[in-house]
Structure formats: structure tokens, C-alpha cells
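Visitor: Residue numbers (the UniProt record's numbering): 1 to 234. Every residue gets a Cβ at the ideal spot worked out from N, C-alpha and C, and that includes glycine. The structure under discussion is supplied below as C-alpha cells; questions concerning it will follow.
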């Protein structure tokens with residue numbers, strides 16, 4: 001019975017993939033096809049990413065936001081050879097060249113058979129930097145809710161610290177303004193849902209007096225709209 005051998009290097013008694021040993025397969029085949037450019041949109045203020053028709057804030061830094069955009073785009077547009085397994089993709093750096101064009105270096109690691117490989121590819125980035133809806137609202141002074149933090153008898157920095165210890169990333173990114181007075185602090189929220197969620201969390205743990213009211217009621221597109229005011233006494 002004739003021995004099986006690699007049609008490229010002639011090695012015998014090795015694992016064959018399309019009549020080639022894994023090493024020759026890696027050398028001769030295009031294992032990964034990259035898109036010519038990577039497209040995306042990022043908020044230039046808070047690094048939110050435009051995903052499926054809406055702004056989503058996932059990253060703290062611009063680099064991490066770009067990396068998220070790149071990896072998400074590659075997951076949809078990159079073509080991987082059917083014999084590649086256990087692969088991972090990452091962006092290891094980005095830069096801007098003379099003339100203003102931006103690029104990223106992508107690395108792909110994986111296996112063909114029992115042979116590991118590592119590829120690098122320079123890909124052009126065409127990212128749009130704009131301002132997300134939340135940042136536009138902050139810049140314009142927009143708000144949907146106010147949380148008025150007060151003391152039952154008197155206000156103190158300890159009560160403020162306790163209240164703010166419940167802040168999440170959602171809370172911080174939803175606050176458009178903070179006004180401090182001798183009686184307490186007013187927190188202005190661009191999203192009333194975030195304000196309500198914060199109050200729900202606090203009242204499940206802290207004994208606080210909560211009062212809700214509305215102000216500045218208007219009619220818009222046939223619907224009543226008003227600013228939610230939540231008084232919190234700790």
C-alpha cells in the first residue's frame with residue numbers, strides 16, 4: 001500500500017489536509033481574507049460606539065473603543081479558511097500616517113491540524129468621529145430628571161459620600177449637571193430611567209425618605225412631558 005505524503009514537501013506519514021502537511025498548508029494557502037477597510041463610528045467625547053443603529057458605551061478609552069469596533073467588524077467581514085481552528089483575533093496597535101489615513105495592525109493566531117500559526121495584517125481604518133446623543137444632551141443642558149439629595153435634619157459630606165457610593169457607570173454617564181447648595185445637592189439626569197434605577201438600588205439598602213413630583217410640564221407631539229423631581233432625604 002503506497003504511503004501518504006505531502007504533495008509540496010514530500011514528507012511521509014504525517015497528518016494531511018488537502019494532501020498537504022499542516023506546515024505546507026499554512027505556507028501555501030490564504031488562511032485569512034481581510035476586508036480592505038474597516039468602517040465604524042465613535043463618539044469623540046465619551047468613546048461610545050455606534051452599534052446596530054444606536055449608541056452604546058462599552059469602552060473607557062478611545063483605543064479600546066477602536067479595538068471594539070475593529071474586532072466587531074472583522075467578526076462579520078473576515079473570511080477564515082475552513083481548516084483553521086482555535087483561532088483568536090486582536091488589534092495590537094493603531095496609528096495615523098502622513099496624509100491623515102489611519103491604520104491598525106491585526107494579528108490572527110490559530111491552528112491548522114496540529115500546527116500553530118500567527119499572521120499580521122495592516123488594515124486601513126475609516127472611522128467617523130461624531131457626538132453621541134447623550135453628549136449632545138449634556139452640552140445643551142438637557143435633563144429628564146433631578147435627584148435632590150438632602151439630609152433629614154442637616155446635610156453632610158458623609159451623606160453625600162454614602163449616596164454617591166451607589167453610582168454605577170450608567171449613573172455617572174447619565175448625569176448632565178450637579179448643583180451644590182447649603183441644603184444639599186441636585187443631580188441632573190439626561191435619562192430618567194437611570195435616575196429611577198439609582199433610587200431603587202439605594203432604597204433597597206438605605207433607610208431614605210423618597211418623594212416624587214413633576215415640574216415644567218409641556219405638551220410635545222400631543223403627549224404630556226415633564227421633568228421628574230425625586231427628593232431623597234437620608
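In three-state terms, what does DSSP make of residue 154?
Guide: In the three-state reduction of the DSSP assignment, residue 154 falls in the coil class.
Visitor: Please return the same chain residues whose Cβ sits closer than 8 angstroms to the Cβ of residue 88, not counting the five positions on each side in sequence.
Guide: 108, 109 and 110
Visitor: With distances taken from CA atoms, which of 100, 96 and 72 is nearest residue 90?
Guide: 72
Visitor: For residue 247 versus residue 149, is the C-beta spacing smaller than 8 angstroms?
Guide: Within the shown structure, residues of the chain are numbered from 1 to 234, placing residue 247 beyond reach of any answer.
Visitor: Counting along the chain, where does the beta strand (DSSP E) carrying residue 123 start and finish?
Guide: 115-130
Visitor: Excluding the 5 residues flanking residue 97 on each side, which residues of the same chain have their C-beta closer than 7 angstroms to its C-beta?
Guide: Here residue 97 has 103 as same chain residues with Cβ atoms under 7 angstroms from its own Cβ, once five neighbours each way along the sequence are excluded.
Visitor: Out of 218, 196 and 202, point me to the one whose CA is closest to residue 212's CA.
Guide: 196
Visitor: Let me know the secondary structure DSSP gives residue 168 once reduced to three states.
Guide: coil
Visitor: Counting C-beta neighbours from all protein chains within 10 Å, is the total for residue 69 16 or more, i.e. buried, or is it exposed?
Guide: buried
Visitor: Take residue 182 as the anchor and find which of 202, 119, 82 and 156 has the nearest alpha-carbon.
Guide: 156
Visitor: If you count every other CB in all the chains shown that lies within 10 Å of the CB of residue 171, and 16 or more means buried, which is it?
Guide: buried
Visitor: Does DSSP classify residue 31 as helix, strand or coil?
Guide: coil
Visitor: Consult DSSP for residue 70 and reduce its assignment to one of helix, strand or coil.
Guide: Looking at residue 70 - three-state DSSP - the assignment turns out to be helix.
Visitor: State yes or no: is the C-beta of residue 208 within less than 8 angstroms of the C-beta of residue 234?
Guide: yes
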